[in-house]
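Residue numbers (this note's numbering): 7 to 124.
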């Protein structure tokens, strides 16, 4: 089969029972050089909303927002685990303040969706 080129998954199943499918182990292409404009805009919108929310929350909550902001980034400097924790922290703060925090919760959900549910 000289000259054959395959792109994508190649699956060889030899025997077995109850085979269910393929685990791809592909990470979403969100960070690094190929960060999408949409993700960048979503993160910028979230940061703007967080800065607005920060002014209306208790001092300890404002401090938690301040601590989370450096981790909410896109690009090669992003550490996915830290970013995820920061997103969960600010979503929690936003959820506790009621309707005022709803836009932040929605923005966090949008960013997480663009990151592939990270």
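Even glycine gets a Cβ: it sits at the ideal position worked out from N, Cα and C. Predicted model, so just to flag it, every value in this text is computed and none were measured.
Counting every other CB atom within 10 Å of its CB across the protein chains shown gives residue 89 a total of 16 or more, marking it as buried. Residue state for residue 82 is assigned as coil, using DSSP reduced to three classes. Residue 121 sits in coil when the DSSP states are folded into three classes, being neither helix nor strand. Cα atoms of residue 118 and residue 65: separation of roughly 26 Å, rounded to the nearest angstrom. Under the three-state reduction of DSSP, residue 72 is assigned to helix. DSSP places residue 43 within a helical segment (H, G or I) once states are collapsed to three. A residue is called buried when at least 16 other Cβ atoms come within 10 angstroms of its Cβ; residue 104 does not meet this threshold and is exposed.
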